[in-house]
Amino acid sequence: MNGMTRPTSASKNPLLNDWTGPFGLPPLGAIKPEHFRPAFDRALAAHRAEIDTISANPATPSFGNTIEALEKSGHDLDRVSNVFFVLAGAATSDEIEAVEREVSPLLARHSNALYLDRVLYARVAALYGRRDSLGLNAEQARLLDRYHTRFVRAGAALDKPAQDRLAAINEQLASLGTQFGQNVLADEKAYALVLDEGDLAGLPDFARAAARAAAEERGHPGKFAITLARSSCESFLQFSSRRDLREKIFQAWIKRGENGGATDNRALIAEMVGLRAERAKLLGFATYADYRLDDQMAKTPAAARELLDNVWGRARAKAAAERDALQKMIAEEGGNFALSPHDWRYYTEKLRKARYDLDEAEIKPYFQLDKMIDAAFETAHRLFGLSFTPVEVPLYHPDARAWDVTEAGGRHVGLFIGDYFARGSKHSGAWMTSLRDQEKLTGDVRPVILNVCNFSKPAAGEKALLSFDDARTLFHEFGHALHGLLSNVTYPLLAGTSVSSDFVELPSQLYEHWLEVPEILQKYARHARTGEPMPQALLDRLLATRTFNQGFATVEYTACALVDLDIHALPDAAKLDVSQFERDDLERIAMPAEIVMRHRLPHFQHLFSGGGYAAGYYSYMWSEVLDADAFEAFEETGNAFDPATAQRLRDWIYSSGNLRDPAEAYKAFRGRLPTVDALLKKRGLADAVPA
Ligand SMILES: [Zn+2]
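Residue numbers are given in our numbering: position 163 of the sequence shown equals residue 197, and the series is strictly consecutive.
Put into structure tokens, the structure is as follows:
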């Protein structure tokens, strides 16, 4: 279609050929790490040549010869990058990591050259200046506006010395971000708490099975390994009655990236914070947070802070009451110690059992991975009419699976790939990504969307079980996937999830609500051994715990969002001691001593591994205001699948990418902007008196 001219015969490098696999997939099985560098070099050169042609065009700038031409350029670079970053996240290796370190500054340099190209910017600015007389439709006008904003925010309007400095900063930030993520992964890979059967007191069967499988993978057959993957380590903290071992794994977990030596991230953070502050100043902003939020739905750090502050005092008050209840339980058991962070999950689990007669081990057999995948699919069917058929296609790892997504009449919507199990070659966390995004500019291009998670892999022959939290993560990521799959725009820049980061969590967090809809749970929460549905009484008790421990969860999260805004509000990073800064800032906001940030700075990948959420971690809560309010739109109709509301949701949110300003999109769906009330109610904070 577009892009570089290809040799007439197929190249030996599969990345340089057309994607001719089923559903237009790349030949994932044939791609080797050594194919990437030459493919990147070629694709970068081809894109550069396309940009130069647009820039040097003697014709008067038009929407077609400038904006549309930009949208059509870089096709091969997108393809190679998409494949590469899927593998770098989910199936990495020393070889892939080496390529990543090599190409991340090259990609940053390339994008700099594009967005700092003054001749090209002059064309965009000229078009922007006469945008009202160009006869553009609404989507084209939005696209021109987005390009103009991107160029200006990148520094295209600055003088040459400022631009040179910006380019250097961006390249440096790209390298540091890559190194940061690799360091966290290295610390996670290097650590495992290898235990004998006698050390497993308190652990339910599923946790033992997962620990046995993890030990096997790490070359300790017959033993049990607790790793730093969230699901491994958190279930140990929840169930192990061995206080000494809980402390050990917890310390290892919160020290990721802060262990001294080659993988210590603190110096990298100081450097990144300094470079970001300098970048913001060059672009005319007082701080990086001001710069970052200027192009978000929140617009200013003050607006984000107002929301967080509104929640913070109430969350601390609720967490203090939770702490008192846990401490009381310790005393009643005859324990003579103060509750520590490594005790919180353990005693919370006990309290949950005492108060609701509910424990994770009783619930977990009802949350089979495969049934939860079906539950997410059925929800999409009832809301949006989508169907999912498993297909056998060559993927990059045997654990990854694919489904053909269709809608009424059998029309192909896209391909969905789910890669659910933790393994050593995968970065931690859970995310949605794509091999191809939807667009209509170069034909009816259908998306290929992935969900990557880190659920514990069961031993051979066993069924994979999720915690309720894992199930929520699955729904969350699937909500992002639908944002990509349902995308219905013409221009690639506006497709799917390419919206501001405080809006992008709306489709994902909103989707989590349907996991808790009783008819979904009744149908899909079935016992792994007996196949029996979850008894109604258990279901009721499970749903009654919705606001249980929400003080802790809200504190754990909100502290991260506040520290993020604060570190990115520094005017510079001279003498920034990252550990000291974190301590001081937590003291300033009066962080409860028994709770540790959900992500401490040395392993806070949202902020420093790429930087997608730098000064943007508040986004999750901003989006939660939207999702809580949006789900109320369904509740108000008395039907969680109300067709008219679902249609509006699809039209204005899930399918409309970045076609309009997020506040406008939300208003079109809901008829008004959201209020914080539904969020406070959802988290059980509405009645808390701020501490
Ligand atoms: Zn998300």
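Using N, Cα and C, we set each Cβ at its ideal position, and we do this for glycine too.
Which residues in the same chain have their Cβ closer than 8 Å to the Cβ of residue i, if we skip the five residues on either side of it in sequence?
| i | result |
| --- | --- |
| G189 | Y149, L150, A196, Q197, L200, L316 and L317 |
| E222 | T261, L262, A263, R290 and S462 |
| K557 | A409, E412 and P567 |
| G448 | V439, Q472, R480, P481, V482, I483, G518 and L519 |
| R184 | Y149 |
| D418 | In the sequence under discussion, the amino acid at residue 418 is Phe, which differs from the Asp named in the question. Taken in chain order, the residues that qualify are E441, L516, L520, A680, R684 and Y688. |
| E68 | E129 |
Within the 8 Å Cβ cut-off, does residue i reach chain C?
| i | result |
| --- | --- |
| A243 | Of the chains in the structure shown, none is chain C; there is only one protein chain. |
Which same chain residues end up closer than 6 Å to residue i when comparing Cβ atoms and leaving out the 5 residues on each side of it in sequence?
| i | result |
| --- | --- |
| P56 | V427 |
| V538 | T531 |
| K257 | V228 and A249 |
| R280 | L271, S274 and H376 |
| N116 | L469 |
| D438 | T423 and V425 |
| R634 | I288 |
| N91 | N99 |
| L713 | E658, V659 and A662 |
| F240 | K398 and L499 |
| T334 | L327 |
| H144 | L78 |
| D676 | F668 |
| G718 | T581 and Q584 |
| D619 | V597 and D600 |
| F509 | A410, Y545, E546 and L549 |
Going by DSSP, what residues sit across from residue i in a beta bridge?
| i | result |
| --- | --- |
| G63 | Paired residues: none, contrary to the question. |
| M466 | N485 |
| V228 | A259 |
| R560 | P567 |
Residues in the same chain with beta-carbon distance under 7 Å from residue i, minus the five sequence neighbours each way, listed in chain order, please.
| i | result |
| --- | --- |
| A464 | V486, C487, N488, T507 and E511 |
| S535 | Q330, G646, Y647, G650 and S653 |
| Y325 | A314, L317 and F319 |
| A505 | F401, M406 and L549 |
| L665 | A quick correction: the sequence has Phe, not Leu, at residue 665. Excluding residues within five positions, the ones whose Cβ falls inside 7 Å are L544 and H547. |
| N344 | V710 |
| A122 | I130 and E134 |
| L385 | A359, L360 and M363 |
| E383 | Q272, F273, D393 and E394 |
| V723 | A351 |
| A243 | P492, A493 and E496 |
| W686 | A699, A702 and F703 |
| A353 | G585, F586, V589, P626 and I629 |
| D193 | none |
| F246 | According to the sequence shown, residue 246 is Arg rather than Phe. Taken in chain order, the residues that qualify are F258 and A493. |
| Q206 | L309 |
| L62 | P428, L429 and Y430 |
| H514 | M466, T531, P541 and S542 |
Closer than 7 Å: is that where the CB of residue i sits relative to any heavy atom of ligand 3?
| i | result |
| --- | --- |
| L385 | What this structure holds is ligand 1, not ligand 3. |
Ordered list of alpha helix (DSSP H) runs contained in the stretch 582-615, each at least 4 residues: Correct list: 584-601.
Under 8 Å, with one C-beta from each stretch per pair, do the stretch 514-530 and the stretch 546-563 reach the 3-pair mark? No: the two stretches stay apart, fewer than three of their Cβ pairs being nearer than 8 Å.
Ligand 1: which residues have Cβ under 6 Å from any of its heavy atoms, chain order? My final list is H510, H514, E539 and S542.
Any contact of the stretch 614-621 with the stretch 563-581, i.e. 3+ C-beta pairs under 8 Å? no
Does the stretch 626-638 touch the stretch 368-381, meaning 3 or more C-beta pairs lie closer than 8 Å? yes
Which runs of the alpha helix (DSSP H), 4 residues or longer, sit entirely within the stretch 92-119? 103-106
Tell me, please, whether the stretch 400-416 touches the stretch 494-501 by the rule of three or more beta-carbon pairs shorter than 8 Å. They touch, by the three-pair rule.
Entirely within the stretch 468-498 and at least 3 residues each: give me those beta strand (DSSP E) ranges in chain order. Along the length of the stretch 468-498, whole beta strand (DSSP E) runs at least 3 residues long occupy 482-489, reported in chain order.
Tell me, please, whether the stretch 291-300 touches the stretch 204-223 by the rule of three or more beta-carbon pairs shorter than 8 Å. yes
Does the count of Cβ pairs from the stretch 170-184 and the stretch 110-118 closer than 8 Å reach three? no
Looking at C-beta atoms only, is the number of pairs between the stretch 591-603 and the stretch 336-344 that lie closer than 8 Å three or more? yes
When the Cβ atoms of the stretch 583-590 are set against those of the stretch 349-368, are three or more pairs found closer than 8 Å? yes
Where in the stretch 378-462 do unbroken runs of the beta strand (DSSP E), each at least 3 residues long, occur, reported from the N-terminal end onward? 421-425, 435-441 and 445-455
Going along the chain, which unbroken runs of the beta strand (DSSP E) with 3 or more residues stay wholly within the stretch 323-369? If only complete runs of 3 or more residues are kept, the stretch 323-369 shows no beta strand (DSSP E) anywhere.
Could you tell me whether the stretch 151-162 touches the stretch 93-104, where touching means 3 or more Cβ pairs closer than 8 Å? yes
Which ranges would you report for the beta strand (DSSP E) in the stretch 245-319 if only whole runs of at least 3 residues count? 258-260
Those runs of the alpha helix (DSSP H) which lie wholly inside the stretch 646-690 and span at least 4 residues: 653-669 and 677-683
Check whether the stretch 700-718 touches the stretch 657-674, counting contact only when three or more Cβ pairs, one atom from each stretch, lie closer than 8 Å. A contact is defined here as three or more CB-CB pairs under 8 Å, and the stretch 700-718 meets this definition with respect to the stretch 657-674.
Which ranges would you report for the alpha helix (DSSP H) in the stretch 179-247 if only whole runs of at least 4 residues count? 194-224
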